[in-house]
Structure formats: C-alpha cells, structure tokens
Amino acid sequence: MTLHRKDRIDDKHGGVLIATKPGLVATPATELNADSEIIWTKIQIQGCRTLIIGSFYRPPNSNLEYLQTLDDCLSKIDPSKNIWLAGDFNLPDINWTAQATLDNPTHEGDLLLQTDRKLLHENFIDIINTHSLTQTVLEPTRTQVSVERHNPNIRHGVTSNILDLFLTNNISLITRIRVLPGLSDHEMVLIDANIKPTTRKQLPRTIYMYNRADMDGITQDLVEFCDSFLDSDPMASSVETNWTRLRDFIRDTMDKHIPTKTITHNRSLPWYNRQLKRLHRNKVKAYNRAKRYNDTEHWLEYKNIQKTLQKETKQAETKYTSTFLADNTQNHKKFFSFFKARKQDSSGITTLLHNNSLVTHPQDKANALNTQFQSVFTHEHEHLPDMPTPSHPPIPPIHINTQGIEKLLSEVDIHKATGPDNIP
1 MTLHRKDRID DKHGGVLIAT KPGLVATPAT ELNADSEIIW TKIQIQGCRT
51 LIIGSFYRPP NSNLEYLQTL DDCLSKIDPS KNIWLAGDFN LPDINWTAQA
101 TLDNPTHEGD LLLQTDRKLL HENFIDIINT HSLTQTVLEP TRTQVSVERH
151 NPNIRHGVTS NILDLFLTNN ISLITRIRVL PGLSDHEMVL IDANIKPTTR
201 KQLPRTIYMY NRADMDGITQ DLVEFCDSFL DSDPMASSVE TNWTRLRDFI
251 RDTMDKHIPT KTITHNRSLP WYNRQLKRLH RNKVKAYNRA KRYNDTEHWL
301 EYKNIQKTLQ KETKQAETKY TSTFLADNTQ NHKKFFSFFK ARKQDSSGIT
351 TLLHNNSLVT HPQDKANALN TQFQSVFTHE HEHLPDMPTP SHPPIPPIHI
401 NTQGIEKLLS EVDIHKATGP DNIP
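Just so it is clear: in the sequence shown, position 173 is 173 by full-length UniProt numbering, and no numbers are missing.
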C-alpha cells in the first residue's frame, strides 16, 4: 500500500492515514490541511469527477472549535467533486435513521456537559447538511460488554454505538455498506462503490532461472564471440561501440540458453499459517452470531476469539522473524527480503504535479523533473574566472591489466541483483 499519513506531533500514538492500492493515481490534497487530525487525498476516476477522500478522527472530549476545522476543510472543496469522508467521529448520540440527536444520550468516555454534548451533535448534523453529505453507516461499530472487574462472570449488559462514520455527497456511487469484524475494539466498515479509478499498469517482471541454464552452450558461444571480437580489431573502435557489441551479445546469449519466468509480487504474510486462518474464520462466525443474538454471552465469545487471534498472530510473526534475526551467517538475503516486503513507501518516482496536471508516465515524469532542475540551475555567462594552478601534484597514470580485472571479477558476489543493464 501507499500511505498518506499525518502523525500526532506531541504523541507517538495515534494519527490518521489513507492507504491506497499500488497503481492508483493518488496525490495528497495538501491545500486542505488543518490543525486537527484530518488528512485528504485526491484519486483520479475514469469518466468521472475527481474523488476527494478524507480520514478524520475526533477526540472524545474535543469541543465545537475542533469540528469547525472540519467545516473549514469541507468549505475549501469544490462541490462538484465527489467526496468520501470516513473516520472515528466519537459522536454516538445521533439517530442516523432520523438524523436527529438521541433523547437518552450516552455519556461514557466524554467529559462534556449534557448541554454541550447536545449542541456538539446538532452542530455536526448542521455541517453535513450544509455540505450535502449523507452518513451511510447504520449499524454499531463499537460494542462493549460490561463485566465486574473482580468477577468476570458477573455481566451487566451490552452497549453498542455508531462511532465510525462514512459520509459522501454522491450516494449513487455507493452500492453496499457492511460492518465486519475488525482488528481492534472497533469494527470495520467496508464500502462497495461503483467507480473505476485511473490506474498505472505495472509491467510483469521477467527473471532468468540460472539453475536451469545451458552452461555448455553459453561457454561455446563465448569462445566463438571472443575469437570474432579480437579478429575485428576492437582497438580501432570506440569504447561505446565495443561495449554495445558486448552487451548485446550477452543479452542474446542469456535469452538463448537461460529459461525465464514471469513473476508477480507476493503480498501474503509468510507467518499467516493455517491455524491463524482457521481462527480468523471462527472470529467471523462468532461476530455474526453476536450480531444475530446481541447478548452478553455471544459478544464475550467474539471478544475472546478476537484477543486470541491477535495474540497468536503476534507470536507467529515473532517466531518467523527470530529465525533469520538469530542467523549469524553471511547470507542476509532473507533478512533484507523480509524488510523490503514490509516497506510502506512505494519504490520509484510517485505521481507528480506539473503545470497543474498529474504526471504518471515515466517519460513525462523525467521531463517534468528535468524542467524543475533546469529552473534552479545557475545561468552561466561568458566571462568565466580563470582557474588557479592546482596546489596538489597530478595523479599518476592508471594502469589496468588482465590480472587486476580477473581479480575483481572473481570477488563479485554472483547472488547479487543485476544492475540497470540487466547483465548478471
């Protein structure tokens, strides 16, 4: 995933983020920045207006001024754009079917007075009505089971609230909304939408299978090439000409004698074994039963399975990583492969904004960067200063011989990845 994130400045916990699938044309909407926990991203949609996605978190005890920052952000967005706004709003005292505040509000975890709470919830309803937003989540996203601290067998009941919201100004794009079991004490909201985002196609990667190479054929072709190369008087040609000839020969020989295969990126977690998958299925079943019966017993069963899954997943990951972290051998390929797969930042040049338009093609990106670099270069004039005589002695001639080249080649690690020329 490509992450657009906004961390808390004074706290190592919390923050908001938007994760987009690799290949989507997504850019941060920095012009919508605010002094609250909110972040915005633009996504290009084929045959449709740009989609503006926002991720928002409202602390439980925040006041009206905090909601005002959300209102200010929404006021900056062109109303012709499609808007998706989601997050944990911590506003449980709203009946979203009637779109009105509750008569018997929930006070848990909130220090605001009842009058302030009611005003806060009414203000939020006014904000979404002003910007023509529709709230689509109608099922509880956080359920708490109240039990005695010293005797868990004594249960007081179940409290359910709709805290995680999804708002949009174009409800016709939404086809289905589901609340599914999540990874924390909040459930997950899954939105199905009828849109087709603009994507950057990732070309398949072809690799050579050296363990199946025809080494006899490669050796024979190398001998024949060396004879013909030396007979062609290479000293009369430029270095570039000789290099191009050698490079093309090596590539043709590799294609001729080494089989290839096309690979895709494996995004699965290597430690997510069969037992964890079984626990995940049990968690989903327990969640469905808890929603169906909505009693303390079934919700406790779901919470216990959820905790067990989280614990065993962490243990499986720790056990997997310890196998190569404790390895003292010189082969660290598995180590770096693991952390490369865990990287959250995308490789290569991301989408660029040039002349008020998004640039996605590699050649267009190169031209845009070239234009930017040229704009900051110093414009040289004809009157250049005289260079002073160097105070250090000149470098002696460098002598290159066959033995030195052979020594350097013998020290090359054959398991290293190829360079830009794709020659091993």
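Beta carbons are placed, not taken as given, at the ideal position from N, Cα and C, and that holds for glycine.
With respect to residue 276, residue 241 sits apart: the two C-beta atoms are not nearer than 8 Å. In this structure, residue 52 sits away from residue 16, with a CB-CB distance that is not shorter than 8 Å. Scanning its chain for C-beta atoms nearer than 7 Å, with the 5 sequence neighbours on each side dropped, one finds around residue 221 the residues 253, in chain order.
Minimum Cα-Cα distance from residue 246 among the listed residues 230, 259, 323 corresponds to 230.
It is roughly 58 Å from the alpha-carbon of residue 421 to the alpha-carbon of residue 291. Annotation: residue 177 to residue 79 spans about 23 Å, alpha carbon to alpha carbon.
Going by DSSP, residue 55 is part of the beta strand (DSSP E) stretching over 51-57. Taking each of 307, 66, 261, 34 in turn and checking the Cα distance to residue 205, the smallest one comes out for 261. Taking C-beta atoms as the reference points, residue 85 and residue 163 fail to come closer than 8 Å.
One Cα belongs to residue 270, the other to residue 212, and the distance between them is close to 27 Å. If you ignore the 5 residues before and after residue 287, its C-beta comes within less than 7 Å of the C-beta of 181, 302, all in its own chain and listed in chain order. Where residue 377 is concerned, there is no enclosing alpha helix (DSSP H), because DSSP gives it neither an H nor an E.
Scanning the segment 247-321 for uninterrupted beta strand (DSSP E) segments of 3 residues or longer gives 260-263, listed from N- to C-terminal end. Secondary structure in the segment 196-248: the beta strand (DSSP E) runs of 3 residues or longer, each lying completely within the stretch, are 205-208 in chain order. In the three-state DSSP reduction, residue 46 falls in the coil class, being neither helix nor strand.
Taking a C-beta distance under 8 Å as the contact criterion, residue 123 and residue 67 qualify as a contact pair. Relative to the Cα of residue 72, the nearest Cα in the group 90, 33, 41 belongs to 33. Relative to residue 170, the option among 187, 159, 194, 179 whose CA is nearest is 194. Residues 418 of the same chain have their beta carbon placed closer than 6 Å to that of residue 424, with the five preceding and five following residues left out of the count. Residue pairing by DSSP places residue 6 opposite 16 in a beta bridge. Here residue 82 is not near residue 138, since their CB atoms are 8 Å or more apart. Closest option to residue 143, judged by alpha-carbon separation, among 48, 161, 129: 161. Distance from the CA of residue 394 to the CA of residue 239, rounded to the nearest whole angstrom, comes to 25 Å.
Going by beta carbons, residue 283 and residue 306 fall inside the 8 Å limit.
Between the alpha carbons of residue 249 and residue 227 lies a distance of about 13 Å. Note: residue 36 is not bridge-paired with any residue in the DSSP secondary-structure output. Residue range 357-359 is occupied by the beta strand (DSSP E) that includes residue 357.
Scanning its chain for C-beta atoms nearer than 7 Å, with the 5 sequence neighbours on each side dropped, one finds around residue 8 the residues 14, 15, in chain order. Separation of the CB atoms of residue 25 and residue 44 is rounded to 4 Å, and the pair is thereby assigned contact status at 8 Å.
For residue 174, there is no enclosing alpha helix (DSSP H); the residue is part of the beta strand (DSSP E) that begins and ends at 174-180. DSSP places residue 165 inside the beta strand (DSSP E), whose first and last residues are 164-168. Secondary structure note for residue 404: it is in no beta strand (DSSP E), and the uninterrupted alpha helix (DSSP H) holding it is 402-410. Per DSSP, residue 398 has no beta-bridge partner at all.
Judged by beta-carbon spacing, residue 94 lies within the 8 Å limit of residue 125, meaning their Cβ atoms are closer than that value. In this model, residue 390 and residue 380 are separated by some 23 Å (Cα to Cα).
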